[in-house]
Amino acid sequence: MKRLLTGIQSSGILHIGNYFGAIQPSIALQEKADETVIFIADMHSLTTSPKPEDLRARVRGVALDYLACGLDPEKAIFFRQSDVPEVCELMWVLNCLTPMGLLERAHSYKDKIAHGIMPNTGLFNYPVLMAADILLYKANLVPVGKDQKQHLEITRDLAVKFNQTYEEIFPLPDPYINENVAVIPGTDGQKMSKSYNNTIPLFEDAKPVRKKFMSILTDSKGLEEPKDPDTCNIFQLYKLFATPAQQEEMAAKYRAGNYGYGHAKQALYEIYMDFFAPMRKRREEILADESYIDEVLRKGAERARNIANETLSAVRKAVGLR
Ligand code: ADP
Ligand code: TRP
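So the sequence shown is numbered by the working numbering: it starts at -3 and just counts up by one.
Okay, structure coming up:
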């Protein structure tokens, strides 16, 4: 059986870069694996000591948005990481097998230090908690972004070390890095990122979203001049939503002239609104049902916990704990 697992860090309001780069691909995978496990990594978020009310609100926000985008809680086991605290026990066992040097070489840790962040040992141990997430559920396939590749290597190292030291319990997980996922450009043409203030949000109200579209940077060609769709930010974003025929049609308008960037922005705004309309509707429905999210996460945690406990009893026995 192939079990696919991924964790989501809850880091704020989601944008369309997140949607096409992370949400849509992981939801598409729920159809492919025998079992899909998706959790919100709130314990990882604790490494930055967010305000408790912010952390709680973000977890709900991420759950809401993923459910609205089509995550099916019947198909995927969807839960909050901290609802299965057993992961900490496995983390301890793995900690006792982890050489300091392995973590000292972690790029993401070194990056943070280079940026002057005073590390706590939670940040240092971040990859071990991630390894525990993956091994606790005996995942075979882990979809992640390129930046997480090394964390997967650390996970595999720890799995091998455990299997050799004690008993063959853990399958070696493979990373699933989709090289075809394009980097979505933001309103200024750089990578869309909340750090660059160039995002187009997924679920904001229509009016501020339209403003974001109107602020997309273009060259200064006049209305009547022919334009090049391939170098235009608006067109790059339009392609995400449009059928090949619609793309051809807009490209022809660009090349013909008498088609202004304002027209293209309006067309992009409209196709974005149409594309996300069903998800916006679903989101409203979920919000109207106050207990829905809690109920989904509670049921998800129950399913996750059954798997976790099975793994942990074998681990305790293998290492000589109670
Ligand atoms: P941000 O850059 O806004 O801080 P995160 O680092 O929180 O976004 O990214 C969360 C997920 O969304 C990651 O899997 C990342 O690869 C994906 N993602 C973020 N921005 C983009 C983008 N512009 N294009 C494609 N994928 C993206
Ligand atoms: N570290 C991952 C990220 O920042 C989130 C994460 C936590 C994760 N635990 C995981 C991803 C386990 C995959 C598997 O994106």
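All C-beta atoms in this analysis are idealised placements derived from N, C-alpha and C, irrespective of residue type, glycine included.
Using only the alpha-carbon positions, how far apart do residue i and residue j sit?
i	j	result
histidine 111	valine 124	22 Å
glycine 253	valine 179	28 Å
lysine 303	threonine 227	Before going on, a small fix: residue 303 reads as isoleucine here, not lysine. So the alpha carbons of these two residues sit roughly 50 Å apart.
asparagine 174	tyrosine 255	36 Å
glycine 57	arginine 299	22 Å
tyrosine 162	aspartate 184	53 Å
asparagine 91	methionine 246	56 Å
lysine 217	histidine 11	28 Å
leucine 219	leucine 213	15 Å
proline 95	arginine 101	11 Å
phenylalanine 271	lysine 295	30 Å
leucine 317	glutamate 82	14 Å
Mind checking whether residue i and residue j have CB atoms under 8 Å apart?
i	j	result
arginine 76	valine 89	no
valine 9	proline 167	The identity of residue 9 in the sequence shown is isoleucine, whereas the question assumes valine. In this structure, proline 167 does not lie closer than 8 Å to isoleucine 9 by Cβ.
alanine 314	isoleucine 113	no
glutamine 232	proline 181	yes
leucine 154	leucine 93	yes
isoleucine 73	valine 33	yes
aspartate 79	leucine 293	yes
leucine 67	isoleucine 23	yes
aspartate 30	lysine -2	yes
alanine 135	leucine 283	no
valine 177	proline 46	no
If you follow the beta strand (DSSP E) that residue i is in, where does it begin and where does it stop?
i	result
alanine 72	72 to 76
valine 33	31 to 36
isoleucine 4	-1 to 4
valine 138	137 to 139
For residue i and residue j, which I take to be in contact (beta-carbon distance under 8 Å), what is that distance rounded to the nearest angstrom?
i	j	result
arginine 152	proline 169	7 Å
phenylalanine 209	tyrosine 265	4 Å
lysine 188	glycine 13	It should be pointed out that residue 188 corresponds to methionine in this sequence rather than to lysine. Between glycine 13 and methionine 188 the Cβ distance is about 4 Å, and since that is below 8 Å, they are a contact.
Residue range of the alpha helix (DSSP H) that residue i falls in?
i	result
arginine 56	48 to 64
tyrosine 250	240 to 252
Please tell me whether residue i has its Cβ less than 8 Å away from any Cβ of chain C.
i	result
alanine 18	This model lacks chain C altogether; it includes just one protein chain.
For this session: Would you be able to state if there are at least three C-beta pairs under 8 Å between the region 287 to 298 and the region 231 to 246?
Result: Result no; under three Cβ-Cβ pairs closer than 8 Å.
For this session: Determine, using beta-carbon pairs with one atom in the region 78 to 88 and one in the region 126 to 140, whether at least three such pairs fall under 8 Å.
Result: Yes, they touch.
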